[in-house]
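In my numbering, the protein residues as written are 2 to 85. Backbone N, C-alpha and C fix where the C-beta goes; we use that ideal spot for every residue, glycine too. As structure tokens, the structure follows; a few thoughts come after it.
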Amino acid sequence: MGNKILAYTVNALCIGFLFWKMAQAGSDKAITLFFFYYPVIVFLNVALWLSLKIFGGNQLAAFKQTSIAVLLLFLPLYFIATKM
2 MGNKILAYTV
12 NALCIGFLFW
22 KMAQAGSDKA
32 ITLFFFYYPV
42 IVFLNVALWL
52 SLKIFGGNQL
62 AAFKQTSIAV
72 LLLFLPLYFI
82 ATKM
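Given below as structure tokens:
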């Protein structure tokens, strides 16, 4: 359970930062920022998965769930960020 909390916390911070930057940039630059920062989020997910694999725990389930959560959270938050 602790691994899932860690994974969700890392993703929440990354997603929050991404959409904060997108909202600041406005709708014309939001998609550019997404393609700039989204690989960073994917990299952090891979790094998190590797660290969980090295240090133990149910890393595969946490990795799958956080990756799906990042993808599912993108769509509504993108529309919210671009409509601001």
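Practice prompt. Give a yes or no on whether the C-beta atoms belonging to leucine 34 and alanine 26 are separated by under 7 Å.
Written response: yes
Worksheet entry | Sub-7 Å separation of leucine 49 and alanine 8 beta-carbons | yes
Item to complete: Work out the CA separation of isoleucine 6 and leucine 19 for me, nearest whole Å.
Response: 20 Å
Worksheet item: What is the DSSP secondary structure of glycine 91, reduced to helix, strand or coil?
Response: A query on residue 91 cannot be resolved here, the shown segment of the chain reaching from 2 to 85 and no further.
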